[in-house]
Every structure is written in structure tokens, then in C-alpha cells.
Amino acid sequence: MNFYVLEDDPIGQQRIQHYLPTSFITDSPTKLLAALAADTHPKIVLLDLEIKGLLHAGINTAKMIRQTDCVSPIIIITTHDELSLQTFQSHISALDFIQKAQPEAQFGKKLQHAVQMAYQRLNQFDLKMPVWLTIHNGAHTETFDLNTISHVSSNNGRHYINVHQSNTTTQIRNTIKQISQSHDKFLQIHASFCVNHDFIQQYRLKDKTLLLTTGDLLPVSRRFKHNLSYLQS
Numbered sequence: 001m002n003f004y005v006l007e008d009d010p011i012g013q014q015r016i017q018h019y020l021p022t023s024f025i026t027d028s029p030t031k032l033l034a035a036l037a038a039d040t041h042p043k044i045v046l047l048d049l050e051i052k053g054l055l056h057a058g059i060n061t062a063k064m065i066r067q068t069d070c071v072s073p074i075i076i077i078t079t080h081d082e083l084s085l086q087t088f089q090s091h092i093s094a095l096d097f098i099q100k101a102q103p104e105a106q107f108g109k110k111l112q113h114a115v116q117m118a119y120q121r122l123n124q125f126d127l128k129m130p131v132w133l134t135i136h137n138g139a140h141t142e143t144f145d146l147n148t149i150s151h152v153s154s155n156n157g158r159h160y161i162n163v164h165q166s167n168t169t170t171q172i173r174n175t176i177k178q179i180s181q182s183h184d185k186f187l188q189i190h191a192s193f194c195v196n197h198d199f200i201q202q203y204r205l206k207d208k209t210l211l212l213t214t215g216d217l218l219p220v221s222r223r224f225k226h227n228l229s230y231l232q233s
């Protein structure tokens, strides 16, 4: 497992190096992004929020990471507790928020726990090779990794849909029907929903709902329940 760290304080760098000795550590967002782009293996990213006096440097770096990588866990390590809500609202899917200014034993325990959660998160993806899927977005196209799409839902009428991935949701101009026909992993379960069958955890026949591994609970309509007949015992 590869660890990438954005931290500008030398003491903070040494501290993280103590717990994660194989880490790539830099105080430059540009160098961090270049290193991440060059690494095709599973990785865990740790970001300080304030870099060289720029308070939002960490959040902005995380946003850039998420433009191309929706899988790698991101752990925030900072002294700025007041930015925890803003970090959440930035939709970077930070896995944990660790306060620097806590006793060393607590810091180490918190960091180790966050890394364990990051391993578990990566294992949920089974480290699969990407399956690239090109979907029409009006007159344009969007490319997604099918392994990260849990389901698709309609939005604001029949011609706009939400593509729900592991760490983000993308709105595009298309229809549920067209998406359900774009790959054999997609199953339409409702006029407003189709799912990736790899994310199905349980079909609740009694209340006509489908539980996904993401925790989402989706309705199954009578019209499309035959698509789930293979799940019925």
C-alpha cells in the first residue's frame, strides 16, 4: 500500500513518517498531484488543510484529486477544527478528520484507526481493474468506471439522471431506460432507478425494496420486478 502526504511542517512530516515510514511526503500540492497521477496502484492520501499559510490548500488539493480519483481514501490531518464542516460540504469524501494538537498516544491511535478504515474501504472495491463506460450526456459524452457506479436515478424529469458513484454523484442528460441498456450489469428496477447488480446486497421481497452495499434502499416496482427474479429463492 502506498501513502501520500501533503504536509508543510517538518515536525509534522517526521511525525507521520514515524507511523507510516514508506510515505511519500511533500509540502507541494503540485508535486503530490503529479505523484498520485503516476501511481496506478491502490493508495491512501493524507492532507493537511493549511499549506504555507494558505488555509484551503488541502481542501482544494482534495477537490483536484477527486476529479480523477473517486476511490483513494483521503484522511485530513489538521489543527483547524473549524473547517470540519466545510470539509464535509466540499464533497471530497474525507474518510476521517484527525486533530494534530492532541496527545501523541491519542494521535497515533487515531491515525492507525483511520488507516485501518482506509484499507477496509479499498477492499470494498476489490481493487478491480477499471471497466470504462462511455455514457451520452446530451450532445457530449462522459466516461465512468463501471465498478464505482452503484445506481442511477432520475432527476428533474425524464431527461436528467444522477449517476451515483462511491464518492460522488454526477448529473447528466440521459434517461434511465438508455442507461439500463448500456451494459448488462445494469438492472432497471423502477421507472426512476436502475442498479449495478454488483452492488446488490438484499432483495426485500416483502416490502419491495432493494438494499445496496452502499446502504441505499431503493424501491422496486411491479413492472420491473422480473429483472430481480434471479435473486428470489
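For what it's worth, the UniProt record's numbering labels the leading residue of the sequence shown as 1, then goes sequentially. All residues carry an ideal CB built from backbone N, CA and C; glycine is no exception.
- For serine 23, collect the residues of the same chain with a Cβ closer than 8 Å to its Cβ; drop the 5 residues on either side in sequence, then sort them by chain order. Phe3, Tyr4, Val5, Ile16, Gln17 and Leu46
- Task: Classify phenylalanine 186 as buried or exposed, calling it buried when 16 or more other Cβ atoms lie within 10 Å of its own Cβ.
- Result: buried
- Item | Under 7 Å between C-beta atoms of leucine 228 and leucine 218 | no
- Neighbourhood of leucine 212 by C-beta distance below 8 Å, restricted to the same chain and skipping five residues each side: Ser150, His151, Val195, Phe199, Ile200, Gln201 and Leu218
- Task: Just the C-alpha distance for methionine 117 and valine 71, rounded to the nearest angstrom, thanks.
- Result: 13 Å
- Task: Report buried or exposed for valine 131, applying the criterion of at least 16 other Cβ atoms within 10 angstroms of its Cβ.
- Result: exposed
- Query: Which whole-angstrom value is the C-beta distance of aspartate 48 and aspartate 8, which I expect to be below 8 Å?
  - Reply: 7 Å
- Stretch pair the segment 56 to 67 + the segment 83 to 98: three plus CB contacts closer than 8 Å: yes
- Could you tell me whether the Cβ atoms of isoleucine 172 and alanine 114 are closer together than 7 Å? no
- Task: Have a look at the DSSP bridge pairing and note the partners of cysteine 194.
- Result: Val152 and Gln188
- Message: Using CA atoms only, rank isn't needed, just tell me which of Ser90, Leu111 and Glu104 is closest to isoleucine 98.
- Response: Leu111
- Query: Among the residues of its own chain, which have a CB less than 8 Å from the CB of serine 233, if the five just before and after it don't count?
  - Reply: Low confidence applies here, because serine 233 scores a pLDDT of 47, under 50, leaving its location unreliable and the question unanswered by this model.
- Cβ separation of valine 220 and histidine 190, assumed to be a contact under 8 Å, to the nearest whole Å: 6 Å
- Query: Can you tell me whether DSSP reads serine 233 as helix, strand or coil?
  - Reply: In this predicted model, serine 233 has a pLDDT of only 47, less than 50, meaning its place in the structure is not dependable; the value taken from the coordinates is given anyway. Serine 233: coil per DSSP, three-state reduction.
- Task: Output the boundary residues of the alpha helix (DSSP H) element that contains histidine 113.
- Result: 104 to 124
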